[in-house]
Amino acid sequence: MRFSKLFAPTTKDAPKDALLPSHIFLIRGGFISQVGSGIYNFLPLGKIVLDKIKNVVKQELDCIDAQETQLGFITPSELWKESGRYDKFGKELLRFKDRKSNEFVLGPTHEEAMVDLVRSRVKSYKQLPLNLYQINIKFRDEARPRYGLLRGREFLMKDGYSFHEDEEDLKREFSKMQLCYENILKRLGLEYRVVDADSGAIGGSGSKEIMVLADNGEDDIVVCEGCDYAANIEAAKRKKPDFEKSQPKQGSGKIHTPDLKTIEEISSFLEIKPSSMVKAVVKKAIYSDNEEIVLFFIRGCDVLQETKALSACGAIEFADISENELDNLGIDAGFIGPNSQKLKMFVDLELSNEKDFVCGANEKDYHISGFSFVDKNFEYVDLIMVQEGDLCSCCGRELKITKGIEVGHIFMLGDTYSKALNATFLDRNGKAKPYIMGTYGMGISRLVAVMIEQHHDEKGCLWSKESTPFALSIIVSNVKDKEQLSFAQTLYEKLQNAGVEVLLDDRAERFGFKMSDFELLGFPKAVIVGKGLATGEVQIVDRKTLEKTSIEKDKIFDKLMEI
RNA sequence: CGGAGUGUAGCGCAGCCUGGUUAGCGCACCUGGUUUGGGACCAGGGGGUCGAAGGUUCGAAUCCUUUCACUCCGACCA
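First residue of the first sequence? That's 1369 in the numbering used here, and the numbers climb one at a time after it.
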């Protein structure tokens, strides 16, 4: 490709909306342009990168016998109603009607559509397992699109679905998919972690997220320094710490604590450690058909992890709760305890069988000490947020918290969808049974941004070998110099014939302008054909180090073919 | 969905408070010339229903009302 013909409008200034490096450089380099909130055009350079990443993903998937399909972007609402997600999915699901008033949705994910495709055609265990995927546009009407391609409303995603006769076979496929995803990220040159994840509302028996490490990531992930344990903060576990015990001088029983509501106030008043107290967290849980107040009890020094709390009570979300509402229920905020509680409540797992706590007395201005969980029949679940410095439950080393961007999520779904959609096959005993399913997503357009988020410098992009739009740019320093131009052109044609993806920067611009563009666009290498040519030399520039190496002009072709 | 902000040329902005001929500036763009190893210089030039609708006024980019779009913080994010 000749740069003089390439549609790549680069700019010197960043658009005011762009904050993250990936967003700034993709816009400045003319890779993408914004159409509307969360919707982007891909210009030629962006399209090449997108296709390259797509091809890597496709190649790796085809290697493990997954088969590519393409489902309709627009899905009839019927299917969504059948699975029950039409109402559950919320406002992210864009619904509309056609001219005949038939209802449709823009596909945000395709479990329903894929099950529908398979259910009438796969009726025997002999046809299983089956792994189908597509790489296609998705639309989710996000409440708040942001960060360019990282969180768009319209985006390109690879979504795959596997069908099995039993859980065992699903587990086998799940591990295979994990390896496949890891191979994809290795080929793209990305540093990543596979982390335990919360399965969320989609349910199923287990899920893992593939996180690319990046400072601007939206997710907090917990990683162990000693072993390969890693988890999303929403699902992270820790080794139960050895808490120092402390008792109030007042002894056990009811203690008058006028107007002392917070953990800090009471712990300093009674001269005890927060870890010897029980904290009550009140939430209003919203379900699809009703709502209720739920109490969560955790150790005074801990923090409630909301996602864990949500899955404990099975609610869709938590809403804020006002002092008035508490008053109406006869609850004194600041004095809530687990004892003889009428409301629905959950207790953190680490508190089970522990004793000697100070907690609220369920009476204004009073706390009780000496409270024991021993032999108390509460519902114990993991509720706490892992903090930096907690210890790993696997190896006991320290846990660190770092930022990541979710680029893939793999689920062992089980039969949730196949049951809901009545999708069954005949097993070895001739009995009808719902498929056991897995689902596997990977954000392709998000990966374009992630490449830059992880690999850039202050001047621009740093594309890896598998993702770069061009392997090499030949920069003609002065196109009016006939020698330079003709040497560059000859080299360009030779390289092209040898199958190298090469760009010839033959624009009538000054040297500095072209170098800056090269740095912004981020191809791995450039050859400068300039004034050195008079003495028989050209230069190779390495984008990463920005080092220039002079080389005899007659040896440049062979040298380039080596790299 | 709650809070804040911005819409004036392709991009970045000034003008608005205090209404007054043809609405400015920088970058980009076009023509000619000089230049050519780090985003050149000189000269000339093109490009705007001032987000939209309505109102006040002799007169609106400017004041008022409504509305739309976009951005940021938060909530949310199979």
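Every residue gets a Cβ at the ideal spot worked out from N, C-alpha and C, and that includes glycine.
Short of 8 Å from the beta carbon of Val-1490, and not among the five residues preceding or following it, lie these beta carbons of its own chain, in chain order: Leu-1496, Leu-1498, Phe-1531, Phe-1793 and Tyr-1803. Shown here for Pro-1513: same chain residues with a beta carbon closer than 6 Å to its own, the five before and five after excluded, namely Ser-1405, Gly-1406, Arg-1519, Gly-1520 and Arg-1521 in chain order.
Beta-bridge annotation (DSSP): Pro-1802 is paired with Thr-1792.
With distances taken between CA atoms, Glu-1559 lies nearest to Ile-1578 out of Leu-1547, Gln-1546, Ile-1578 and Ser-1543.
Between Val-1473 and Ile-1689, the alpha-carbon positions lie close to 34 Å from each other.
Boundaries cannot be given for Tyr-1493, as no alpha helix (DSSP H) includes it and DSSP labels it neither H nor E.
Taking all protein chains shown into account, Ile-1623 has 16 or more neighbouring C-beta atoms within 10 Å of its C-beta and is therefore buried. Scanning the segment 1578-1648 from its first residue to its last, the whole alpha helix (DSSP H) runs of 4-plus residues come out as 1631-1638.
In this structure, the CA atom of Pro-1892 is about 16 Å from the CA atom of Glu-1826.
Two segments are said to touch when three or more pairs of C-beta atoms, one from each, lie closer than 8 Å; by this definition the segment 1703-1711 does not touch the segment 1668-1686. A buried status is given to Pro-1476, since no fewer than 16 other beta-carbon atoms sit within 10 Å of its beta-carbon.
An exposed status is given to Asn-1790, since fewer than 16 other beta-carbon atoms sit within 10 Å of its beta-carbon. Around Ala-1386, the same chain offers Ile-1392 and Ile-1395 as residues with beta carbons nearer than 6 Å, after the five sequence neighbours per side are excluded. The beta-bridge partner set that DSSP reports for Ala-1894 consists of Ser-1841 and Val-1909. Comparing C-alpha distances from Val-1486 to each of Ser-1786, Glu-1851 and Asp-1874 shows the shortest one belongs to Ser-1786. DSSP places Ala-1683 in no alpha helix (DSSP H); its state is neither H nor E. CA-to-CA, the gap between Ile-1699 and Glu-1639 works out to about 26 Å. His-1823 and Leu-1719 have their C-alpha atoms some 44 Å from each other. Within the same chain, Glu-1834 and Ser-1835 come within 7 Å of Lys-1420 by CB-CB distance, once the 5 residues on both sides are set aside. Secondary structure at Ser-1832: coil, using DSSP grouped into helix, strand and coil.
Around the beta carbon of Phe-1881, fewer than 16 other beta carbons sit within 10 angstroms, so the residue counts as exposed.
Rounded to whole angstroms, Ala-1788 and Ser-1614 show a C-alpha spacing of 52 Å. Between Gly-1898 and Leu-1830, the C-beta gap is not smaller than 8 Å, which leaves the two residues out of contact. Scanning the segment 1393-1421 for uninterrupted alpha helix (DSSP H) segments of 4 residues or longer gives nothing; none is fully contained.
Take the alpha-carbon of Glu-1660 and the one of Leu-1781: they are about 28 Å apart. If you ignore the 5 residues before and after Lys-1651, its C-beta comes within less than 6 Å of the C-beta of Val-1662 and Phe-1686, all in its own chain and listed in chain order.
Distance between His-1478 and Asp-1527, taken at the CA atoms: about 8 Å.
In the three-state reduction of the DSSP assignment, Ala-1902 falls in the helix class, which pools H, G and I. Under the three-state reduction of DSSP, Asp-1873 is assigned to strand.
With distances taken between CA atoms, Ser-1740 lies nearest to Phe-1725 out of Lys-1459, Phe-1725, Thr-1378 and Phe-1855.
In the DSSP assignment, Tyr-1454 falls within the alpha helix (DSSP H) that extends over 1453-1456. Residue nearest to Ile-1505 within the set Ser-1492, Ile-1552, Ser-1445 and Phe-1523 is Phe-1523 (criterion: CA-CA distance). The Cβ neighbour count for Asp-1910, taken over all protein chains shown within 10 Å, is under 16; the residue is labelled exposed. In this structure Leu-1694 is in contact with Ala-1701, their Cβ atoms being roughly 5 Å apart against a cut-off of 8 Å.
Contact holds between the segment 1760-1774 and the segment 1598-1611, because three or more Cβ pairs, one in each stretch, are under 8 Å apart.
The straight-line gap separating the alpha-carbon atoms of Asp-1466 and Ile-1442 is approximately 11 Å.
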